[in-house]
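Here's the structure, in structure tokens; my notes come after.
Residue numbers (the working numbering): 785 to 1087.
See the structure below:
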């Protein structure tokens, strides 16, 4: 997922998705009629389920069954889930059905048709985003803000039913666009005011996060971020922690270490250069912070 530098500078979500190298895994199609229920394991990636036709249910641990209907799009974090025609059915393992490159499963008929897939990230970096996003995001196809999702689903539906040249690349890129539109639409909902997405939408906290992401090498202090937000240090720290779920300093350290881990996975990366790029003038301090975050020294990830 390649974005311009100017887009990265102005948009923390784009920055995170770019640095983590967010890529759609193989999108799959499920067609079903009658009784069916498939279980899928927890994975260290962001999953999506979208309904092209019909209706069904999504079941997640410690959550009431979620009815999903035509046009709905759901994003699921690192948790197991079941997709079913009836929430009372005992599911079978869905993973073997998609083994050996199979991207279409037909269960008796096609009264319900869904698309599913995942967004993978550079190894070891997914935690930053998955910890920031809600474990489950449900965007209704009936929402006025879901028009873009409907358009993307229409394109995905067409691509998934044919084998035109380049269709695998097209479906993967469309799946990435779908994921971003789903996050956007969920974040724009009036009742979505907490967490990282809510903080990004806040005029003051969001501005501070944006400034930090646009110049990560700067030796930011909490007071600096508070000044960007136009708030006192104490008020900013309290509002930031309450909104994001992490203290400002913890957020800055976690993002710097995540960005460093991604950079160190690149060929011929230098620990010294990577440390400087994320705001550390001392390799020793960088190594300590890295080990504290990941439990291992940074050199283990150089190529």
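Note that CB positions come from ideal geometry on N, CA and C, so glycine has one too.
- DSSP lists 824 as the beta-bridge partner residues of residue 865.
- When the Cα atoms are used, residue 1035 and residue 952 turn out to be separated by approximately 36 Å.
- Only buried fits residue 856, as 16 or more other CB atoms lie within 10 angstroms of its CB.
- By the Cβ neighbour-count rule, residue 888 is exposed, with fewer than 16 other Cβ atoms within 10 Å of its own.
- Under the 8 Å Cβ criterion, the stretch 903 to 913 does not count as touching the stretch 835 to 853, having fewer than three qualifying pairs.
- Annotation for residue 1055: 1048, 1067, 1070, 1071, 1082, 1083, 1086 place their beta carbon closer than 8 Å to its own, counting only its chain and skipping 5 residues before and after.
- Residue 1071 sits in a helix when the DSSP states are folded into three classes.
- Taking the CA atoms as reference points, residue 1080 sits about 15 Å from residue 1038.
- Cβ atoms of residue 966 and residue 832 come within 8 Å of each other, at about 7 Å.
- Residue 929 is positioned such that its CB atom lies no closer than 8 Å to that of residue 869.
- By alpha-carbon distance to residue 853, the top candidate from 896, 1078, 932 is 896.
- Of 1014, 807, 1011, the smallest CA-CA separation from residue 905 is found for 807.
- The three-state reading of DSSP puts residue 819 in coil, since its state is none of H, G, I, E or B.
- A direct Cα-Cα distance of roughly 31 Å separates residue 920 from residue 1010.
- Annotation: the continuous alpha helix (DSSP H) that includes residue 993 extends over 989 to 998.
- Residue pairing by DSSP places residue 904 opposite 807 in a beta bridge.
- Collapsing the DSSP output to three states places residue 1012 in a helix.
- Here the C-alpha atom of residue 811 lies approximately 4 Å from the C-alpha atom of residue 901.
- When the alpha-carbon of residue 851 is set against those of 890, 872, 1025, 813, the nearest one is in 872.
- The Cβ-Cβ distance between residue 867 and residue 898 falls below 8 Å.
- DSSP lists 903 as the beta-bridge partner residues of residue 830.
- Under the criterion of beta carbons closer than 8 Å, residue 934 and residue 925 qualify as touching, at roughly 6 Å.
- Separation of residue 983 and residue 990 (C-alpha to C-alpha, rounded to the nearest whole angstrom) is 6 Å.
- In the DSSP assignment, the residues bridged to residue 840 are 852.
- Residue environment for residue 876: exposed (fewer than 16 other C-beta atoms within 10 angstroms of its C-beta).
- In the three-state reduction of the DSSP assignment, residue 981 falls in the helix class.
- The beta-bridge partner set that DSSP reports for residue 920 consists of 860.
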